[in-house]
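Residue numbers (the working numbering): 783 to 1284.
See below for the structure under consideration.
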């Protein structure tokens, strides 16, 4: 610093609570919701979206996108998001970042035509961009190689075949603002996923003099803030979602401009219990997004129940990221019911007070529980999740937190249906005819034979529910099944509801 100059340091937030980590978390949640998140989306319910990425990856075109969006509209999706691959030459991750023009082969009518057709289907339109990046194989790089950050005389460390634009350069900042303004004005765009898919390295600015190279990283962030401020001011109605290969840039600075952030590219339901539980120590559920993805999961190849994928993702801003066109009728019906349920309880999920169960703190715990309570305390929704199951499991207990002690609540679970396939060849112990797994007979029977799951329902005061907890129905233990048996294999979960009784 030179004499008579000043430097504004990044701001820090400190909080104290005498009520443990839970009390501290809820103070931070309130602070972020009330004092960090801004604009029209501060208190506006977030839409349930369908993202094209894991359904299509780069293999997109208008016809395929419209088919996927129609399938989404049929189950209650409110927003369809076209992810990476929509701009000219972008058939894989080796090219075209910086050249933000729609690919005429994939989108012959451009963004305007696609957004209009999506609107006719009854869904809003959103799209993916990665404005801070540049591909060496791009028109922009050929014209402005000096706009990319690189250390002179050293080979560049590529990340996802791309480089960082030098946002310390005002000319580069203006290019990003102008190019994104053109994109965001090209159709009825209601949502933008703003990605950043590589680590921050090769920190050297061709724009700054040698004496100021130590300022590059800081000036980059200030340049990014300027860009985000300008674009969110120009497009106040767009819901912006931050992303950085998932949650690698999840902080209050980004949330000052973008009201939500993609929590992680890992959508595996088991992994997400840990990811979302960890986020909850500092961030409210309304600022991190969670998607129901394909099975086996694309990151872990783990097989998890569809209901668990939904129930875990509900404790966040819910979305779907799978090829709905390939799903069975029963799965589509289940998703339709899931989305309707989430919409009914969306205000509690997104803006209620969040509580972690006491067992979540133990690193060796096989169970996890969460509770969200409405601001007035009269409605609550809870999750009980078990990682691995064992036969002859002792009773599982769900203990809600945050209820009003003197209010009487109606406690109940979802209506669960079990498919014949859920029991494998165990059905042959009771079936009058042999049913071979994978056979046509099993397939036909599974379409018509569904068994009711356990029913959890009671009425009690909040104080009783919180102190005593609810002893859940016994889990299946290798033999015997009736309507009071809880089928609870690995990675199973239940959602429970609590409403003040009149």
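Just so it is clear, CB atoms sit at the ideal spot from N, CA and C, and this is done for glycine as well.
Asked, Found
"Neighbourhood of residue 1266 by C-beta distance below 8 Å, restricted to the same chain and skipping five residues each side", "1236, 1237, 1255 and 1256"
"Pick from 885, 843 and 987 that is closest to residue 965, judged by C-alpha positions", "885"
"Beta-carbon gap between residue 1183 and residue 1280 smaller than 8 Å", "no"
"Under the three-state DSSP convention, the category residue 1015 falls into", "helix"
"Three-state secondary structure assigned by DSSP to residue 804", "helix"
"Of the residues 1039, 835, 1037 and 1029, the one placed nearest residue 1057, counting alpha carbons only", "1029"
"Cβ pair count under 8 Å reaching 3, the stretch 1079-1094 against the stretch 1031-1038", "no"
"Same chain, Cβ closer than 7 Å to residue 998, five either side skipped, listed in chain order", "950, 985, 986, 987 and 990"
"From 932, 1220, 844 and 968, residue whose alpha carbon lies closest to that of residue 995", "932"
"Supposed close pair residue 1141, residue 1151 - CB separation, criterion 8 Å", "7 Å"
"Residue range of the unbroken alpha helix (DSSP H) whose run includes residue 1043", "Run containing residue 1043: none in the alpha helix (DSSP H); it sits in the beta strand (DSSP E), 1042-1044."
"Same chain only: Cβ atoms within 6 Å of residue 1006, ignoring 5 sequence neighbours per side", "949"
"Sequence ranges, beta strand (DSSP E) only - wholly within the stretch 1035-1112, length at least 3", "1042-1044, 1070-1075 and 1099-1103"
"For residue 842, the nearest candidate out of 888, 1066 and 1125 (CA to CA)", "888"
"Three-state secondary structure assigned by DSSP to residue 834", "coil"
"Residues bridged to residue 998 [DSSP beta-bridge criterion]", "Its beta-bridge partners do not exist; DSSP assigns none."
"Three-state secondary structure assigned by DSSP to residue 1180", "strand"
"Burial state of residue 1155 (16 or more Cβ within 10 Å)", "buried"
"Between the CA atoms of residue 1284 and residue 1211 - distance to the nearest angstrom", "46 Å"
"Rounded straight-line distance, which links the Cα of residue 962 to that of residue 976", "11 Å"
"Residues near residue 1132 in its chain [Cβ-Cβ closer than 7 Å; skip 5 each side]", "827, 828, 1067, 1068 and 1099"
"Reference residue 732; option with closest CA among 1217, 1208, 1250 and 1016", "The shown model of the chain, from 783 to 1284, leaves out residue 732, and the question about it has no answer."
"Among 1096, 1117, 1149 and 1171, the one whose alpha carbon lies nearest that of residue 1136", "1096"
"Touching by the beta-carbon criterion (3+ pairs, under 8 Å), the stretch 785-792 and the stretch 1104-1119", "no"
"Limits of the unbroken alpha helix (DSSP H) element including residue 958", "952-966"
"Pick from 856, 1188 and 968 that is closest to residue 1245, judged by C-alpha positions", "1188"
"Segment contact flag, the stretch 902-910 with the stretch 844-855, C-beta cutoff 8 Å, min 3 pairs", "yes"
"Bounding residues of the beta strand (DSSP E) (the contiguous stretch that carries residue 1203)", "Run containing residue 1203: none; DSSP gives neither H nor E here."
"Residue 1155 - DSSP class collapsed to helix/strand/coil", "strand"
"Residue 1062 burial status per 10 Å Cβ neighbour count (16 or more: buried)", "buried"
"Sufficient close CB pairs (3 or more, under 8 Å) joining the stretch 1084-1096 to the stretch 1159-1170", "yes"
"Bridge partner(s) assigned by DSSP for residue 991", "Looking at the DSSP assignment, residue 991 forms no beta bridge with any residue, so it has no partner."
"Helix, strand or coil at residue 1241 [DSSP, three-state]", "strand"
"CA nearest to the CA of residue 873, picked from 1260, 839 and 808", "839"
"Buried versus exposed, by CB contacts within 10 Å (16 or more), residue 1252", "buried"
"Nearest-angstrom Cβ-Cβ length linking residue 860 and residue 831, presumed shorter than 8 Å", "7 Å"
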